[in-house]
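Following UniProt numbering, the numbering of the sequence shown begins with 7 at its first residue and continues without gaps.
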Amino acid sequence: TPAKPSYSRVLLKISGEALMGDQGYGLHPPTVQRIAAEVKSVHDMGVEICMVIGGGNIFRGLQGSAQGMERTTADYMGMLATVMNALAMQSALEELGVFTRVISAIPMDQVCEPYLRRRAVRHLEKKRVCIFAAGTGNPYFTTDTAATLRANEMACEAIFKGTKVDGVYDSDPMLNPDAKRYETVSYDDCLAKHLKVMDASAIALARDNDLPIIVFSLDEPGGFRGILAGQGTYTTVK
Ligand code: UDP
């Protein structure tokens with residue numbers, strides 16, 4: 007019998023870059039499929055799952071604007087990139103038999119559902135994975151902020167931020183072999199020490215609503231499920 011999960015509703019935030027595998031750009035379907043299988047394994051425990059996926063593997067507004075594009079237009083392009091990633095994840099999850107909805111902050115009815123909070127909650131209650139796309143629908147925000155916003159609106163118990171490393175360190179563990187991982191770290195320390203967890207507006211929004219952020223490695227097979235079963239290493243921002 008599956009272990010009893012420690013959370014009943016969570017939001018998984020991953021960057022767009024998590025979907026590009028070893029490529030420098032875009033989507034790597036086998037990587038999307040691998041992450042979808044990790045999500046399914048948690049869904050199989052009966053956990054209700056929201057997802058927010060970034061768009062940085064395709065387009066970032068700041069990069070476009072640094073190259074002369076008008077900022078808000080570039081940000082809308084970034085938001086559209088997240089819709090493509092969401093559709094790729096939907097396809098991979100449904101291939102595994104998991105029912106999903108892609109729910110966009112920017113209505114595009116032929117492609118996915120518009121965001122209606124009550125309807126999204128209903129999907130979760132029916133055990134559909136809700137993939138929230140197009141960020142917050144507003145320029146000058148990020149998908150980290152969108153993740154925190156949706157997690158609050160959906161009454162998730164925590165945000166799971168899947169990264170390349172198994173938590174938050176006092177310096178970059180890829181560069182410094184003596185870097186130390188925090189078991190827990192406060193929101194204010196994340197902000198004051200500029201720890202690379204999420205951007206400042208996302209952390210402040212989590213702090214102001216007492217929403218824990220669990221930073222864990224998405225590269226660790228079974229890692230997401232392990233944490234819900236009370237195992238593994240990670241950092242809790244609270
Ligand atoms: N974006 C935005 N508003 C939002 C969310 C995202 O304008 O609410 C745009 C922004 O240009 C951002 C891009 O979408 O650079 C991709 O999102 P993000 O950079 O958060 O993706 P990630 O780094 O997680 O892959």
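Where is the CB? At the ideal position from N, CA and C, for every residue including glycine.
- Counting only unbroken stretches of 3 or more residues, the beta strand (DSSP E) elements lying wholly within the stretch 27-82 are 54-59, in sequence order.
- Judged by DSSP in its simplified three-state form, Y175 adopts strand.
- Between G173 and the set K19, S12, I220, the nearest pair of CA atoms involves I220.
- Distance from T241 to Y193 at the Cβ level is roughly 12 Å; contact not present, criterion being Cβ atoms closer than 8 Å.
- Listed as beta-bridge partners of F222 by DSSP are G168.
- Per DSSP, T242 is one residue of the beta strand (DSSP E) stretching across 241-243.
- Here DSSP, grouped into helix, strand and coil, assigns F138 to strand.
- At least one heavy atom of the ligand UDP falls within 6 Å of the beta-carbon of D81.
- Distance from A208 to A161 at the Cβ level is roughly 18 Å; contact not present, criterion being Cβ atoms closer than 8 Å.
- Around V117, the same chain offers V89, L93, V108, S110 as residues with beta carbons nearer than 8 Å, after the five sequence neighbours per side are excluded.
- In the DSSP assignment, no residue is bridged to V89.
- Look at L201 here: in three-state DSSP terms it is coil, with no helix or strand label.
- Bounds of any alpha helix (DSSP H) do not take in I112, whose DSSP letter is neither H nor E.
- In this structure, the beta-carbon distance from M26 to N63 falls below 7 Å.
- A distance criterion of 6 Å places the beta-carbon of G27 beyond contact range of the ligand UDP, judged by its closest non-hydrogen atom.
- In the DSSP assignment, no residue is bridged to I209.
- Rounded to whole angstroms, the gap between the alpha carbons of A212 and V243 is 9 Å.
- Non-local C-beta neighbours of F65 in its own chain, meaning closer than 7 Å and more than five positions away in sequence, comprise M83, G84, A87, ordered along the chain.
- DSSP places V127 in no beta strand (DSSP E) but in the uninterrupted alpha helix (DSSP H) bounded by 123-131.
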